[in-house]
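In the working numbering, the protein residues as written are -19 to 204.
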């Protein structure tokens, strides 16, 4: 199926279903990329819902593991806040205490200071990254799609139409696209349940129908 789909799409390169939604042919993988798929040069494969390549995980963050990546950020941020809350009073006491202290107390002061400053710095950096990905989740975008959508909006202004994210389904449904239809207190718990099915799954039959009816162009025309 993949080889037949690639043969059908190779000459057209891109088939647009609507602004921002298109099938493409990947010359590196020699296969058809469904909507929201991008080629990852690190792993040498096309990844659905690709967000970025994470060097700490040595893996690409995409459709199958984005929920785990987001939960990882939540756990790290919550852990840092937990340590900060329990070391805050000791940290303030040690930083304002001016008299000489025994060597043992000095070692304790250093440990508390190090723990507080380390978790403070990590919580700030991870907190901003977490807020960014919460925004992307609530708007049903990936990091790559955010910049692509910015380009589409600029192109829309140049051609006299307003571009809207075609995958934005509203706050609740966008959140369910990552965590599924489960309560919030269960969504952030570790789970092996598969992610919700893609909005535009690859289908050779659907692609053949699109190729027989749809236009073949690099960029969709502005709506009337």
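No residue lacks a Cβ here, since even glycine has one placed at the ideal position from N, Cα and C.
- Distances from the alpha-carbon of residue 112 to those of 22, 49, 0 and 13 put 49 closest.
- Contact check for residue 60 against residue 27 fails: the beta carbons are separated by 7 Å or more.
- Shown here, residue 51 sits in a helix according to DSSP, grouped into three states.
- Under the three-state reduction of DSSP output, residue 60 falls in the helix class.
- Separation of residue 62 and residue 99 (C-alpha to C-alpha, rounded to the nearest whole angstrom) is 9 Å.
- Pairing residue 118 with residue 94, the inter-Cα distance amounts to about 35 Å.
- Beta-bridge partners of residue 25 (DSSP): 20.
- Contact between residue 160 and residue 170 is ruled out by a C-beta separation of about 14 Å, above the 8 Å threshold.
- A straight-line Cα-Cα distance of about 42 Å links residue 150 and residue 69.
- Burial is judged here by how many other beta carbons sit within 10 angstroms of a residue's own beta carbon; residue 139 has fewer than 16 and is exposed.
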